[in-house]
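Have a look at the structure below, then the notes.
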């Protein structure tokens with residue numbers, strides 16, 4: 002868990018550092034504003050590729066080799082950004098950082114889900130909360146360093162190297178046999194992919210468009226502060242979800258969180274309470290991503306390494322597919338439609354999550370009083386325990 006905490010701290014930091022580093026990169030390399038965003042695009046592109054391919058890596062090589070590779074590549078990427086003599090080196094470093102980020106992200110989530118199964122949800126929530134802490138500390142480090150970006154990226158490389166070395170002493174989790182040769186029940190797998198696609202679309206949608214919605218009423222500064230409060234609430238929510246998830250089934254917690262998030266987006270239509278409503282959305286959305294992975298591990302006990310990378314890859318595609326649609330709607334109808342658009346995403350998320358909840362035994366457990374383990378065989382032995 003300590004190694005996972007440190008890994009997620011640096012992952013949150015590197016993802017959040019690029020934006021605040023833009024002014025320093027512009028001054029250092031004398032590039033245009035239109036080109037500086039390429040570092041973020043390459044980071045996410047590298048992450049998507051390795052997450053999508055990690056199923057093959059994990060089943061062929063195991064966890065520790067993939068973790069060591071991810072840590073070494075991410076360390077190299079941070080060093081390349083810190084010491085880059087020219088702009089192409091920065092771009093190469095961002096791409097390498099994204100490749101390592103993707104490998105570490107999926108392997109640490111899956112490893113915790115395996116090691117602490119079937120009670121992994123509290124540990125996954127706690128680990129993912131450290132991502133939020135890193136996302137707060139990373140920009141602070143860039144701000145304190147000023148125009149000298151070498152120091153924060155060198156510090157990031159050093160901590161990532163520590164994670165890479167620490168992986169050597171981690172146990173290789175024992176994976177249940179038999180999953181590789183059996184047919185994957187694709188219907189519930191697609192259900193998880195749809196759920197994560199919609200959730201990340203909604204989560205990132207709030208972060209991306211909240212400021213635009215609130216700026217006409219609060220001004221640019223206070224609207225930005227409200228968006229910062231949303232991220233803070235998301236981090237606090239995961240910390241609070243850690244003990245809560247020890248007492249609730251993962252599927253029930255995910256469904257309840259989605260419903261409460263939808264209610265918060267309904268309140269966001271009222272301008273007077275909108276900043277607080279968005280914070281409530283962050284607080285209630287917080288358990289969905291990590292707790293959903295614990296749910297997935299229960300549903301696919303022998304196939305998590307095959308299904309989870311596809312699910313997380315679908316999650317990364319969510320904002321890519323929906324951001325332009327929301328942007329076009331805002332351009333056509335004005336910023337007041339933003340909470341309605343986000344509420345539609347959250348509403349579909351609730352519907353998909355409810356269908357998945359019933360399909361993996363939630364309805365059956367409910368009808369039996371919820372006290373006994375739910376066993377729902379769906380096209381290949383899916384079962385979710387208590």
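Residue numbers (the numbering used here): 2 to 387.
C-beta atoms are modelled at their ideal positions from N, C-alpha and C, and glycine is treated no differently.
Where residue 218 falls, given that 16 or more other Cβ within 10 Å makes a residue buried: It counts as exposed.
Assigned secondary structure, residue 337 (DSSP; H/G/I helix, E/B strand, else coil): helix
Report whether the distance from the Cβ of residue 274 to the nearest heavy atom of the ligand ADP is below 7 Å. The ligand ADP is absent from the structure shown, which contains no ligand whatsoever.
Since residue 216 is in the alpha helix (DSSP H), which residue starts that stretch and which ends it? 187-219
Other residues of its chain near residue 346: CB distance less than 8 Å, five sequence neighbours each side excluded: 199, 202, 203, 206 and 323
Only counting runs of 4 or more residues, tell me where the alpha helix (DSSP H) segments fall wholly within the segment 23-48, in order along the chain. 34-37
By Cβ distance, which residues of its chain are closer than 7 Å to residue 165, with the 5 residues on each side in sequence left out? 69, 72, 73 and 76
Let me know the secondary structure DSSP gives residue 89 once reduced to three states. In this structure, residue 89 counts as helix in the three-state DSSP scheme.
Suppose you measure from the CA of residue 2 to the CA of residue 244; what does that come to, to the nearest Å? 15 Å
Length of the line joining the Cα atoms of residue 157 and residue 4: 15 Å
Using the three-state DSSP reduction, which class does residue 120 fall into: helix, strand or coil? coil
Kindly indicate which three-state DSSP category residue 150 falls into: helix, strand or coil? coil
What is the DSSP secondary structure of residue 161, counted as helix, strand or coil? helix
What span of residues does the alpha helix (DSSP H) with residue 288 cover, start to end? Residue 288 -> no alpha helix (DSSP H), and no H or E assigned at all.
Near residue 281, which residues of its chain fall below 6 Å by C-beta distance, leaving aside the five closest residues on each side in sequence? Result list for residue 281: 265, in chain order.
Ignore the nearest five residues each way along the sequence and tell me which others in residue 251's own chain have a CB closer than 6 Å to its CB. Counting only residues of its own chain and dropping the five nearest sequence neighbours on each side, residue 251 has a CB closer than 6 Å to the CB of 122, 292, 295 and 296.
Is the beta carbon of residue 227 closer than 8 Å to that of residue 279? yes
Would you give the residue range spanned by the alpha helix (DSSP H) that residue 75 belongs to? 64-84
Check residue 171 in the structure and name its three-state DSSP category. coil
Quick one: what's got a C-beta closer than 7 Å to residue 8's C-beta in the same chain, skipping five residues either side? 105, 109 and 164
I need the DSSP call for residue 6, collapsed to helix, strand or coil. helix
Does DSSP classify residue 239 as helix, strand or coil? helix
Rounded separation between residue 83 and residue 208 - CA only: 28 Å
Alpha-carbon to alpha-carbon, residue 124 and residue 89: 39 Å
Of the listed residues 23, 28 and 137, nearest to residue 38 (C-alpha basis): The option with the nearest alpha carbon to residue 38 is 23.
Which word fits residue 113, buried or exposed, when buried means at least 16 other C-beta atoms lie within 10 angstroms of its C-beta? buried
Since residue 232 and residue 139 should fall inside the 8 Å C-beta cutoff, what is the C-beta to C-beta distance between them, to a whole number of angstroms? Contact doesn't hold; Cβ gap of about 12 Å is too wide.
Within 10 Å of its beta-carbon, does residue 187 have 16 or more other beta-carbons around it, so buried, or fewer, so exposed? exposed
Look at the alpha carbon of residue 173 and the alpha carbon of residue 225, and state the distance between them as a whole number of angstroms. 43 Å
Could you check where the alpha helix (DSSP H) with residue 362 kicks off and where it finishes? Taken as a continuous stretch (DSSP letters only), residue 362 belongs to no alpha helix (DSSP H), as it is neither H nor E.
Which stretch, first to last residue, makes up the alpha helix (DSSP H) that contains residue 259? DSSP places residue 259 inside the alpha helix (DSSP H), whose first and last residues are 251-268.
Measuring straight from C-alpha to C-alpha, what distance separates residue 92 and residue 15? 14 Å
For the structure I just gave you, are there three or more beta carbon pairs, one from the segment 257-272 and one from the segment 297-317, closer than 8 Å? no
Classify residue 132 as helix, strand or coil using the three-state DSSP reduction. helix
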